[in-house]
Structure formats: structure tokens, C-alpha cells
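Taking it in order: structure first as C-alpha cells, then the write-up.
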Amino acid sequence: MKNLFPFLLLLTVLSFSCTTEQETQVLVLPTIHGAHEVNENYTYDDLLQLVKSYEPDVIGVEIRPEDFNLSTDSLDLFYPLEMIMVRDSFPGKVRGIDYYNEETRNITVSRKMFSDTVSEMYSIKRLTQDMRLDSTFVASYEKTKIPEIQEEQRRMALNYSAEEFLKGEYDSITGLQYQIEDSLFGNSPYAAYPVFNNRRDLQITLNALQLVEENPGKKILLLVGANHRNRLVDSLENRQVDLIKDLNFRRD
Numbered sequence: 202m203k204n205l206f207p208f209l210l211l212l213t214v215l216s217f218s219c220t221t222e223q224e225t226q227v228l229v230l231p232t233i234h235g236a237h238e239v240n241e242n243y244t245y246d247d248l249l250q251l252v253k254s255y256e257p258d259v260i261g262v263e264i265r266p267e268d269f270n271l272s273t274d275s276l277d278l279f280y281p282l283e284m285i286m287v288r289d290s291f292p293g294k295v296r297g298i299d300y301y302n303e304e305t306r307n308i309t310v311s312r313k314m315f316s317d318t319v320s321e322m323y324s325i326k327r328l329t330q331d332m333r334l335d336s337t338f339v340a341s342y343e344k345t346k347i348p349e350i351q352e353e354q355r356r357m358a359l360n361y362s363a364e365e366f367l368k369g370e371y372d373s374i375t376g377l378q379y380q381i382e383d384s385l386f387g388n389s390p391y392a393a394y395p396v397f398n399n400r401r402d403l404q405i406t407l408n409a410l411q412l413v414e415e416n417p418g419k420k421i422l423l424l425v426g427a428n429h430r431n432r433l434v435d436s437l438e439n440r441q442v443d444l445i446k447d448l449n450f451r452r453d
């Protein structure tokens, strides 16, 4: 009987620790880059207020780790304004999760990175230009649902609030766009285009997931361009995290 009390006490302590262990909270908030300037329902100020209201412990933004400590003026040449604003507004909390390709890993961004004629970045840039001038390919492209999807994406970017973006409609049509592009480009001279984009998108997702893994029990905010959100959300659905799907945390 004397040995029973310490045992019961231990069980109580263990039970209490298990029930009070903090679950990792993750909010994947899509951003709309330059459209924040013209969308009255989702402005730059709206975004900053949402970040403040969520009170995250850690924030992931679309800036490469290699470039994260560059000056604001230097970043402004290559990155969306909202990502720079969040980095500068929440010092100590923000981490970079963006990615270009393996060729540029550990190399600071510069104009040369995009103009070096033997680089993959330049090749993709030229490929995009050639594609737009290829009347046969453009005709095939316009027969797909992609132009319709892109027009709908544009409408949403110019009008939707952050809460409307979280409902997943934009994510759904973006996923469909990528499926169509994989099929269309795969049988063309421009197959490298979706391969490059998919690889970048996947690595951004992996970087974000790593950030989540490194911060168990914390409130994490992931800021990504709206076109990157669908894959990241799908990946988080299979993780042991509390995935925030609305903005009920906002203060009145």
C-alpha cells in the first residue's frame, strides 16, 4: 500500500503533462503580391494586422535563406513587398523558406543570377519568352481551361479578402491549372518549364514543413504566394498539427 501512492501520483503527473502538451498550430496565409496594393479587401495593412492578431511564435516568408539578411533596398529588387514588410516588422520571429534551384543554393541573389547565359535561371527565362512567341503552342494553350482559370485567379486576387482565400477555392483551381500544365507542357519543347516550377514549389513546401518540425508546440505562420498554398496545405493535412482554416483568432 505504501508503494501504491507514489505510483498513482506518477500516473497523475504523466496524465497531466500529456493533456497540457501544446499542439503545434499552423496558419498558411496566402499573399497576392502586387495585388495587395489595389485589392481593398486585402491590403498590405490588412496582412500586417492579421500577422499581429495571430501572434505567431515563428513566421516563414518567401525569401530565400541565402538572401534573408540583405538590406531592404536589395531585397526589394527581387522579392514581393509584403514578404519584406513582414521580415522588417517582426524581427527575430521570421525565417526564409523560399527556393530557386540547386544551382543557386548558398549564392546571394543578384541580377547576374538571371542574366548568366549558361544558368538554369536564364534558360527558363528564355524558354518562357520563346513559348510566348510560339503561335502553335499558344493556340494549344488557349484551347485548355488555363486562360479561364487564370482569369478567375485574377478576379480573386483583385477582390477576395484573406478569409475568402482560406476557404480553398483559389487553391482548388490552382491545383487544376498545374495538372493541365503538366499534361500540356509534357509533350512540348517547353517541358522544362513546369518541371522547374514544380521542383521549386515542392522545395518551398519542404522548407516550410521543416520549419514546422523544428518548432513543435508553437504557433507558426507561413506566408506564401497564393499559387504555392495548395501543395503546402495538402502536405500539412497529413501532419500532426492544428491547421488553422479561418480567421476567428482576430481581435474585435
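For the sequence shown, this note's numbering gives the first residue as 202, with consecutive numbering after it. Heads up, the beta-carbon is just placed ideally off N, CA and C, and yes, glycines get one too.
Item                                                                                                                                                                                 : Value
For L278, count the other beta carbons within 10 Å of its own beta carbon; 16 or more makes it buried, fewer makes it exposed. Which is it?                                          : exposed
In chain order, what are the residue ranges of uninterrupted beta strand (DSSP E) at least 3 long that sit wholly in the region 280-363?                                             : 295-297
Given a cut-off of 8 angstroms on the beta-carbon distance, is the pair L424 and T232 in contact?                                                                                    : yes
Hey, would you say Y391 sits closer than 8 angstroms to F338, going by beta carbons?                                                                                                 : yes
By Cβ distance below 7 angstroms, which residues in the same chain neighbour V239 in space, the five residues on each side in sequence not counted?                                  : L359
Relative to the C-alpha of S324, which residue among L448, V396, G369 is closest?                                                                                                    : V396
Is E263 buried or exposed, if buried means 16 or more other CB atoms sit within 10 Å of its CB?                                                                                      : buried
Given 8 angstroms as the limit, is there contact between the region 291-305 and the region 332-347, that is, 3 or more CB pairs closer than that?                                    : no
DSSP on D277, reduced to helix/strand/coil?                                                                                                                                          : coil
So, under 8 angstroms CB-CB, K294 and I260 are touching, yes? Tell me the CB distance rounded to an integer number of Å.                                                             : 5 angstroms
Going by alpha carbons, who is nearest to D402 out of T345, R265, V287, N270?                                                                                                        : R265
Counting only runs of 3+ residues fully inside the region 221-245, write out the beta strand (DSSP E) ranges in chain order.                                                         : 226-232
Closest to I381 by CA distance: which of L276, Y245, S341 is it?                                                                                                                     : S341
Strictly by DSSP, which residues pair up with L422?                                                                                                                                  : L228, I260
Could you compute how far the alpha carbon of T318 sits from the alpha carbon of L377?                                                                                               : 33 angstroms
In the DSSP assignment, find the beta strand (DSSP E) that holds L444 and state where it starts and stops.                                                                           : 443-445
Leaving aside the five residues before and after L437 along the sequence, list all residues of the same chain whose C-beta is less than 8 angstroms from its C-beta, in chain order. : V227, V229, L410, V413, L444
Need the endpoints of the alpha helix (DSSP H) that D372 sits in, please.                                                                                                            : 370-387
Going by DSSP in three states, P266 sits in which element: helix, strand or coil?                                                                                                    : helix
With distances taken between CB atoms, is the gap from K446 to L367 smaller than 8 angstroms?                                                                                        : yes
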